[in-house]
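Take a look at the structure set out below.
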Amino acid sequence: MNNKIDIDRYNRVKKTTTIHYNMEVNQVLSEIIDDFPDKLNGMTYFYDRFRPIEKNKSLYPKEKKTIASMCIHVPVEIIYALGASSVRICSGAYSTDTAGADFLPAKICPLVKSTAGAIYLDMLPGNANPDLIINPTTCDQKKKIGEMEDEIGKEFYVLEVPPSKDSEEARQYWHRSVKKMVKKLESVTGNRLTRRKLKKSIKMILTAQAEYRRFMKLRRKAPVIFGKDAQLITNAYFFDNLNSWTEALATLNDELEERIAQKHHVVGPRAPRLLLTGSPSIFPNMRTHLLIEKLGGIVVYEEFCSSSRMLSDTVAVDEWFLYDMVPAVADRYLKPNTCPNFTPNDDRIRKILLAMKEYDADGIVYQTFTGCQLYDLESRKIGKELEKAGYPVLNIELDYNPKDSGQLTTRLEAFMESIKDQKRTKRKKI
Ligand code: SF4
């Protein structure tokens, strides 16, 4: 916290926001857990990750440095290899959005306001107190928060991301950026990046990703888990201990296999199966999932930077030498990445169409946060391509304020009814 600001006021805002945050978290958790009676035992671990923890406790060991990231573009393999804890701090809380609105323009994206509010008030996941925040130059709004160091009271490091990803020049530029970041992290952690440590951390993440791929394969086979639970699993990856997360997911996957064998499905065959994409849902902003699934639908795939996009692409190493591993790690975050900050970004359309087929989705819901120009701009092109391919598309705009949930419910209900009609007609024809 900046020592120039009024301490009394800061403490008052923090106290009120903490109360609101706890209420918000408890309410969303209770909706996720109690409003859906068919619970998976393996989800208890993930639900517990999101319960507010005591003020003076932290998930991160004091003896290690904590490095925070503002976005999916940060190569976390390097953070782990340097012996630091890693936490992604993008926030979905309405309570901290309100706090961020105190010092940021009202019309910017709620994710940015909420994240800035959480950093400013020291209300980060797992009570993290980052030694450095890595801020990639992806979205313009997020990028500018890094210039508010004095106001927010934390050190930011700007990780330069090229605006396109297809040229060799872009690749070289990105490799240089990542190497520069390694130097910065070495100086913050006081550790040197070694071949052995980087290999170990790459393998740790590959193991987590393999378990996630198994999870998605099971999800594809049968509707044995709701999307709201799937979204929580990937959100927990933001801040959890990676080995514990992987172990918990393996246990859950075993349970899902049993459910598949017993044909224990969470929805019937007529339920609309939806793909959700656009501005990323991050706990406790689980509104779209919850509305869809309370209305009898199921989200079968999330094309978000807070879910599938974060865990699908893997590092491909030819030689396990440092000079080969660092570029290989960097490449995983560039070429396969379909963030809308890249132009052109046709890969995203291709990947969405593929997921629609693979997950047998009936339609797509495209959510845009008010103020998020990047996702808004891409929504038109993607909508057109999907409609061309015969898929119904619903575009919704929302922020973190739950006041418009009634209107959203009506639109989602009508969309899902039309999908059900289409399914009925198709069945009759067969
Ligand atoms: S949702 Fe959009 S505006 Fe908000 S941080 Fe992400 S890309 Fe930026």
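Okay, so the sequence shown: first residue is 378 according to our numbering, each after it adds one.
Don't be surprised by glycine CBs; every beta carbon is placed ideally from N, CA and C.
Beta-carbon gap between residue i and residue j smaller than 8 Å
{"i": "Val703", "j": "Ile675", "result": "no"}
{"i": "Ser656", "j": "Gln608", "result": "no"}
{"i": "Leu688", "j": "Tyr589", "result": "yes"}
{"i": "Asn862", "j": "Pro429", "result": "Outside the shown range of the chain, which is 378 to 807, sits residue 862, and nothing can be said about it."}
{"i": "Gly469", "j": "Pro661", "result": "yes"}
{"i": "Ile773", "j": "Leu763", "result": "no"}
{"i": "Gly604", "j": "Glu670", "result": "yes"}
{"i": "Ile582", "j": "Val694", "result": "no"}
{"i": "Pro509", "j": "Tyr534", "result": "Just to set this straight, residue 509 is Leu in the shown sequence, not Pro. Yes. Within cutoff."}
{"i": "Pro507", "j": "Ala445", "result": "yes"}
{"i": "Pro414", "j": "Val706", "result": "no"}
{"i": "Thr611", "j": "Ile729", "result": "no"}
{"i": "Tyr736", "j": "Arg572", "result": "no"}
{"i": "Leu629", "j": "Leu417", "result": "yes"}
{"i": "Gly460", "j": "Lys439", "result": "no"}
{"i": "Leu488", "j": "Thr394", "result": "no"}
{"i": "Leu672", "j": "Glu408", "result": "no"}
{"i": "Leu711", "j": "Val742", "result": "no"}
Beta-carbon separation (whole angstroms), residue i vs residue j, contact threshold 8 Å
{"i": "Ala547", "j": "Ser554", "result": "Not really, about 10 Å apart at Cβ, beyond 8 Å."}
{"i": "Asn626", "j": "Phe592", "result": "For the sequence presented, residue 626 should be read as Leu rather than Asn. The Cβ separation is near 6 Å, so the contact holds."}
{"i": "Met447", "j": "Pro649", "result": "Met447 to Pro649, Cβ: 34 Å. No contact."}
{"i": "Pro502", "j": "Phe423", "result": "The pair is not a contact, with the Cβ atoms about 13 Å apart (cut-off 8 Å)."}
{"i": "Arg686", "j": "Ile449", "result": "6 Å"}
{"i": "Ala493", "j": "Thr443", "result": "Actually they do not touch by this definition, with Cβ atoms about 18 Å apart."}
{"i": "Ile496", "j": "Asn512", "result": "Incorrect: roughly 10 Å between the Cβ atoms, too far for contact."}
{"i": "Gly748", "j": "Ile466", "result": "Incorrect: roughly 19 Å between the Cβ atoms, too far for contact."}
{"i": "Leu652", "j": "Ala732", "result": "6 Å"}
{"i": "Ser782", "j": "Arg664", "result": "7 Å"}
{"i": "Asp692", "j": "Glu454", "result": "For the sequence presented, residue 692 should be read as Val rather than Asp. Right, their Cβ atoms sit about 7 Å apart."}
{"i": "Pro717", "j": "Glu755", "result": "5 Å"}
{"i": "Ser491", "j": "Thr473", "result": "5 Å"}
{"i": "Ser795", "j": "Pro779", "result": "That belief does not hold up - the Cβ atoms of Ser795 and Pro779 are roughly 25 Å apart, past 8 Å."}
{"i": "Ile456", "j": "Leu562", "result": "7 Å"}
{"i": "Ala587", "j": "Tyr678", "result": "That pair is no contact at about 19 Å."}
{"i": "Met420", "j": "Asp606", "result": "5 Å"}
{"i": "Leu595", "j": "Glu634", "result": "6 Å"}
Counterpart residues of residue i in DSSP-defined beta bridges
{"i": "Thr443", "result": "Ser462"}
{"i": "Pro513", "result": "Leu536"}
{"i": "Glu774", "result": "Thr745"}
Distance cut-off 7 Å: residue i Cβ against heavy atoms of the ligand SF4
{"i": "Tyr743", "result": "no"}
{"i": "Gln784", "result": "no"}
{"i": "Val555", "result": "no"}
{"i": "Ser656", "result": "yes"}
{"i": "Val405", "result": "no"}
{"i": "Tyr752", "result": "yes"}
{"i": "Phe746", "result": "yes"}
{"i": "Leu653", "result": "no"}
{"i": "Val808", "result": "With the chain covering only 378 through 807, there is no way to say anything about residue 808."}
{"i": "Gln518", "result": "yes"}
Three-state class that DSSP yields for residue i in the structure shown
{"i": "Glu679", "result": "strand"}
{"i": "Thr654", "result": "strand"}
{"i": "Gly740", "result": "strand"}
{"i": "Leu751", "result": "helix"}
{"i": "Tyr437", "result": "coil"}
{"i": "Arg647", "result": "coil"}
{"i": "Glu526", "result": "helix"}
{"i": "Phe592", "result": "helix"}
{"i": "Asp606", "result": "helix"}
{"i": "Asp411", "result": "helix"}
{"i": "Ala585", "result": "helix"}
{"i": "Thr720", "result": "coil"}
{"i": "Leu688", "result": "helix"}
{"i": "Gly783", "result": "helix"}
{"i": "Ile485", "result": "coil"}
{"i": "Gln639", "result": "coil"}
{"i": "Ile396", "result": "helix"}
{"i": "Phe427", "result": "coil"}
{"i": "Asn630", "result": "helix"}
{"i": "Ala599", "result": "coil"}
{"i": "Leu501", "result": "coil"}
{"i": "Asp701", "result": "helix"}
{"i": "Phe480", "result": "coil"}
{"i": "Arg389", "result": "helix"}
{"i": "Met663", "result": "coil"}
{"i": "Asp617", "result": "coil"}
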